[in-house]
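Numbering (the numbering used here), first residue to last: 121 to 443.
Note that the Cβ used here is the ideal one computed from N, Cα and C, for glycine as well.
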Ligand code: ACO
């Protein structure tokens, strides 16, 4: 059976770090409020010349280097982003060009904070279907550019960055012990649009718009939705929380992460948390967290790793893989 196996990973962050203390100078907030409600201590904010494509390109190059591959080895690039460089063409195509790659195909997927889960799921379908052998999957965002910097209820929560993995088709026995993506689960429900959206767009206002969020409403739904897709992944594979080596959740809020882990009986020592240093980087948060935990040796080859996210739409989903 063909499996999509992680062959490399990488990440890239903007140069500038903005601490909670600096946020206190911009809006009426405090380090204490932000840390207590979210766990966020700092975020990276893109400066002049840093865009979703430039961060995505750097993350892609790092992932290729670790995989000991070049762009010539890649068949497909899938970029998860809600903050593209342009309305069109797709930022994935821009990254493809920046990598000097003029073969294969590249496209964006847009599922806000669940974007990386959607992109990995799509890449896995291409690989298992025999349509691609190696896929570069990137999550890259510059949410700082769609924030209303006078709105303290949202601007303290988000940051910029990019992460990437290379998925490669490998022939395996197809058991839970084999490496690669074991199962993926995607969900969406557009009835929740007004709770988390951007109030602009090419077809409505002709402007980019700003992020709007009813934080308490999002919070109310988050744990239940995350639990739903994690339990579905366990059921599909006959695994349980005890089998997991690592949970790598979307990094929106420390309280959501802790609440979901507790509900599922996953000890916090098995949860990768980077929201304190990155803030919420939307589709980039999971590959950024993967890069941290795999670089420092926590996630090792053969580990069972569960990814999950929930975000605007609402969209939510999970990926269970053996690293
Ligand atoms: N600094 C200080 N006070 C603030 C701030 C701030 N930055 N923001 C809001 N407050 C105030 C509010 O005005 C309110 O004051 P009031 O009681 O006088 O009206 C008080 O703090 C409490 O506000 P709540 O919104 O009720 O605070 P809550 O405890 O719900 O925390 C938060 C807010 C952190 C946004 C929380 O609701 C949350 O994390 N929600 C989930 C958000 C999330 O995960 N979003 C990402 C989804 S992923 C995606 O797709 C983008």
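For residue j and residue i, the rounded distance between their alpha carbons
i           : j           : result
residue 263 : residue 424 : 30 Å
residue 348 : residue 417 : 30 Å
residue 327 : residue 365 : 44 Å
residue 321 : residue 363 : 43 Å
residue 232 : residue 291 : 32 Å
residue 357 : residue 296 : 7 Å
residue 350 : residue 438 : 6 Å
residue 124 : residue 354 : 18 Å
residue 303 : residue 131 : 24 Å
residue 337 : residue 221 : 43 Å
residue 159 : residue 378 : 11 Å
residue 247 : residue 122 : 8 Å
residue 387 : residue 179 : 30 Å
residue 440 : residue 428 : 9 Å
residue 228 : residue 161 : 30 Å
residue 254 : residue 143 : 41 Å
residue 339 : residue 268 : 20 Å
residue 393 : residue 381 : 12 Å
residue 234 : residue 317 : 14 Å
residue 175 : residue 402 : 14 Å
residue 389 : residue 407 : 19 Å
residue 359 : residue 294 : 15 Å
residue 225 : residue 395 : 32 Å
residue 177 : residue 218 : 7 Å
residue 334 : residue 419 : 34 Å
residue 236 : residue 325 : 27 Å
residue 189 : residue 147 : 45 Å
Close beta carbons around residue i, own chain, < 6 Å, minus the five adjacent residues each side
i           : result
residue 277 : 400
residue 312 : 434
residue 187 : 127, 128, 286
residue 239 : 198, 200, 229, 257
residue 241 : 304, 306
residue 309 : 434
residue 154 : 140, 160, 276
residue 207 : 322
residue 283 : 131, 179, 259, 404, 407, 408, 411
N- and C-terminal bounds of the beta strand (DSSP E) containing residue i
i           : result
residue 354 : No beta strand (DSSP E) holds residue 354; the alpha helix (DSSP H) holding it covers 335-357.
residue 322 : First-last for residue 322: undefined, no H or E at that position.
residue 292 : Here residue 292 belongs to no beta strand (DSSP E), and DSSP marks it neither H nor E.
residue 138 : 136-139
Residue i (DSSP reduced to helix, strand or coil)
i           : result
residue 124 : strand
residue 395 : helix
residue 310 : helix
residue 434 : coil
residue 232 : helix
residue 442 : strand
residue 389 : helix
residue 240 : helix
residue 420 : coil
Terminal residues of the alpha helix (DSSP H) in which residue i lies
i           : result
residue 383 : 374-384
residue 369 : From DSSP, residue 369 is part of no alpha helix (DSSP H) but of the beta strand (DSSP E) over 366-369.
residue 410 : 405-415
8 Å Cβ shell around residue i - same chain, five flanking residues per side excluded
i           : result
residue 157 : 373, 375
residue 345 : 307, 430, 434, 436
residue 205 : 171, 172, 173, 211, 214
Cutoff 7 Å; reference residue i; Cβ partners in own chain excluding five residues on either side
i           : result
residue 342 : 376, 430
residue 421 : 443
residue 384 : 347, 350, 361
| Unbroken stretches of the beta strand (DSSP E), 3 residues or longer, contained in the stretch 142-223 | Runs of beta strand (DSSP E) with 3 or more residues, each lying fully within the stretch 142-223, are found at 162-165, 196-200, listed in chain order.
| message | If we require 4 or more residues per run, which alpha helix (DSSP H) segments fall completely within the stretch 252-286? | response | Scanning the stretch 252-286 from its first residue to its last, the whole alpha helix (DSSP H) runs of 4-plus residues come out as 272-275.
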